[in-house]
Amino acid sequence: GWAGGYPEIVKENELFERYYRELGIVPAAEWDAFMAALREPLPATLRITGYRSHAKEILHCLKEKYFRELQDLEVDGQKVEMPQSLSWYPEELAWHTNLSRKILRKSPQLEKFHQFLVSETECGNISRQEAVSMIPPLLLNISPHHKILDMCAAPGSKTAQLIEMLHADMNVPFPKGFVIANDVDNKRCYLLVHQAKRLNSPCIMVVNHDASSIPNLQIDVDGRKEILFYDRILCDVPCSGDGTMRKNIDVWKKWTTQNSLQLHGLQLRIATRGVEQLAEGGRMVYSTCSLNPIENEAVIAALLEKSQGALELADVSSELPGLKRMPGITKWKVMLKDGQWFEEWKDVPSNRQTQIRPTMFPTKDEEKLKTMNLERCLRILPHHQNTGGFFVAVLIKKSPMPWNKRQPKVHQKLPKGTGDTEVAAINSDNGSDSITEEPILAENEESKKMQELQNLDTEQSKKEGVCGPPPSKKMKLFGFKEDPFVFLPEDDPLFLPIQKFYALDPSFPKMNLLTRTQEGKKRQLYMVSKELRNVLLNNSEKMKVINTGIKVWSRNSDGEQFGCAFRLAQEGIYTLYPFIHARIINVCIEDVKILLTQENPFLSKFSSETQKKVKDMAMGSIVLKYDPDPEKPGDLQCPIVLCGWQGKTSLRAFVPKNERLHYLRMMGVEVFKAKRKEEELENKTEEEVQHRLAQTEEGMDVEDKEHDLVTKMEAEIREESSQSPVESSAMEIENKIEDLDQSSKNANTHVSKESKDTDASNMKD
């Protein structure tokens, strides 16, 4: 019955075994090991975010603290297996462990390790990603100046790797390159946004298009419109996923050859669109989590054949030393789901020719086959290094594609009546695929005039810096309707007080600031790189942008009285910091601990140096900077930049909860216990709070009363401030303390007023 839960899936599939045995993808002597590995659960793998200056500190913390505690640990009489680093991943930044979630919760030490993983993942310092999925970005050989397209990006773990590589040098806040991450599924695009947001980069844009017909974008180069070609493209196409059997056990039950036959055409169309948009000399990585040659070598062979020498497979055998791989195969057959085999296209009966296409077969021309170098592809087999199955091919573009010999002109729509202007379809040799190409512009004067009229609206909105969704009725929006991206005009009065208050460097790129509203008060200011601004302004009509930019300033209703209505946002502080020349307080490690463990500590708690620096500074938003001391190797050895708020008698940090825990861990503070205490504190009843208030009024001196009140008020707004601090709360607390100095009789009134203010502020936000 149902008492035992769901029946266990039997990890057997006769057709799967028959198919792969026949193709000889796995050496015969290794077949049993291959099948045994597929039946074992996949080990969990994690990657430490590589571009952060904190990466080494996290690695040190993992090895010296958490892994050491696991060394002699036993759970249910079994010794816990130690996590191992992936030998082929650079700088020990990727690890795998056989610990299941069930085991993680059984022991206090393991629970602590589990909490560390969860918290650091939410901060963006660790990504939980399958080992083989880390390979394609590494083989792209990315430099910070590269323009990168990720064609099928969701859920975003590979996109995160691409962003990290762009920011290899943390001292450059705006790399010249960028990542455009695309996905056809609107809902999955938001998953992508969540992944990318953790990395706080101004160089990522998430768009929502069908990868097989993703539009050509144009950019402004010295006043000329040019088509945007990408230096690097990641083409991780949808696939049947039989390499994921270890984690997606449903595949055992559902696997048939039909899945591959249905996907082959789409995969080839996406890959073709990718190489069309690749710059000459650029590199595209094609990958699938499938072992099937119909989705792998067949797609690459078809692409190479119709490229007529414009593409070549790169030899990556010397890259990623330590990674065990199998070469691509040059001979394969096609099988239907009923088990019927075909070796050549001419053998396929006419009633099967819709299911099976000529591009699925290897070429019979031995000379042509030799020049393709299909053995340069690589296939990862699960039993070699305890991973999933995977396929990767690295393509280099040597010249324009034969159907694009003339580099495409700028994409413009022709007036009605001149025929189909969007796409010119060219049939390939086998007649199975259509390739998009730019239309030839109408040459008569009349159509030019009509074109100019059509472009007037676009030019006007561009001048205003508005990049909204396409107004054209032809392109129907699906999913959520996005707010427009509005760049701040050069003469916007909003910016002057910000520039003055923070003494921004003259080199600060204010043209890159944008908001998401055209009317009313601007509540948040976001920032993108100069290159992404160029893309946004020139393509608002043809591109559905889901998200771009990082938040750098948030409106603070209390800030205006101190000369600036906007406080700094922690999300964008590492981008902004190099341009800020005022309101910076250098703090020691003990001060950082106080800032991160106490909600609103009094100035008297800080070091005398910090108190001196704060003394002559006006109230409002500040930057708190910690620089490591090389003479104290026991202390944290990476710099920290925090956003804070200076009040009249206190100093606080505006840092999200998980980021606080991250910094505390790096400083060796035991946050596991602190978290428990915090949870207990949050569970205190209203009666206990009232009881404490009564005690406060009876027998405590004024400073203790002040601090107790602040603690209570902070407790009420803690949840909000831990993620997006209530903008007015710091000032309100300051005002309460001033009132309390004048009269200590109205403690209860202050608390109830504070909670009302907080409620109002929450509603407003």
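In this text, residue positions in the sequence shown follow full-length UniProt numbering: the first is 1, and each later residue adds one. Heads up, the beta-carbon is just placed ideally off N, CA and C, and yes, glycines get one too.
Query	Result
Nearest to Met-667 by CA position, among Leu-488, Cys-638, Phe-342 and Lys-112, is which residue?	Cys-638
Specify the secondary structure class of Leu-336 as computed by DSSP and reduced to three states.	coil
Is the separation between the beta-carbon of Pro-293 and that of Leu-263 shorter than 9 Å?	no
Does Leu-320 pass the burial test, meaning 16 or more other C-beta atoms within 10 Å, or should it be called exposed?	buried
Where do the ends of the beta strand (DSSP E) carrying Thr-548 lie?	545-548
So, does the segment 182-192 touch the segment 114-126, judging by three or more C-beta pairs under 8 Å?	no
From Cys-235, Arg-224 and Ser-201, pick the residue whose C-alpha is nearest to that of Ile-214; which is it?	Cys-235
Where does Glu-401 fall in DSSP's three states?	It is Met, not Glu, that sits at residue 401 in the sequence shown. If DSSP states are grouped into helix, strand and coil, Met-401 belongs with coil.
Give the straight-line distance between the Cα atoms of Leu-42 and Asp-315, rounded to the nearest whole angstrom.	29 Å
Output the distance between the C-alpha atoms of Ile-135 and Lys-11, rounded to the nearest integer angstrom.	27 Å
From the DSSP output, in three-state form, read off Ser-212 for me.	helix
When you compare only the Cα positions, how much space is there between Tyr-370 and Ile-329?	It is worth fixing the name first, because residue 370 is Lys in this sequence and not Tyr. Taking the straight line joining both Cα atoms gives about 12 Å.
Terminal residues of the continuous alpha helix (DSSP H) containing Gly-265?	258-276
What do you reckon, are the CB atoms on Asn-600 and Arg-652 nearer than 9 Å?	yes
Just how far apart, CA to CA, sit Leu-374 and Lys-368?	11 Å
Tell me where the beta strand (DSSP E) around Asn-586 begins and ends.	584-586
Rounded to whole angstroms, what's the CA-CA distance from Ala-503 to His-581? Just pull it up for me.	5 Å
Straight-line CA distance for Met-170 to Pro-628?	16 Å
Quick check on the burial criterion: 16 or more other C-beta atoms within 10 angstroms. Buried or exposed for His-194?	exposed
Taking 9 Å as the threshold (C-beta atoms), are Ala-181 and Val-221 in contact?	no
Restricting to Cα atoms, I'd like to know which of Arg-18, Asn-658, Ile-396 and Trp-95 is closest to Ile-233.	Ile-396
Quick check on DSSP: helix, strand or coil for Asp-347?	helix
Mind checking which residues open and close the alpha helix (DSSP H) that includes Asn-556?	Unbroken run through Asn-556: none, as it is neither H nor E.
Using 10 angstroms around the beta-carbon of Pro-137, count the other beta-carbons present and answer buried if the total reaches 16, otherwise exposed.	buried
Using a Cβ-Cβ cutoff of less than 7 Å, which residues in the same chain neighbour Thr-288 once the five nearest sequence positions on both sides are dropped?	Val-237, Cys-239, Glu-295, Asn-296 and Phe-391
Over the uninterrupted beta strand (DSSP E) stretch that includes Arg-652, give me the two end residues.	651-653
Work out the CA separation of Arg-39 and Arg-246 for me, nearest whole Å.	6 Å
Give me whichever residues DSSP pairs with Ile-396 in a beta bridge.	Arg-283 and Glu-312
In angstroms, rounded to a whole number, what distance separates the CA positions of Ala-301 and Leu-488?	49 Å
Is Pro-633 buried or exposed, if buried means 16 or more other CB atoms sit within 10 Å of its CB?	exposed
Between the segment 274-291 and the segment 378-390, are three or more C-beta pairs nearer than 8 Å?	yes
Please confirm whether Ala-153 and His-383 have their CB atoms less than 9 Å apart.	no
In the DSSP assignment, find the beta strand (DSSP E) that holds His-96 and state where it starts and stops.	94-97
Hey, Val-671 and Ile-640: beta-carbon distance below 9 Å or not?	no
Can you round the beta-carbon distance between Gly-177 and Ile-148 to whole angstroms, since I take them to be within the 8 Å contact cut?	6 Å
Where DSSP assigns a beta bridge to Met-151, which residues make up the other side?	In DSSP, Met-151 forms no bridge with anything.
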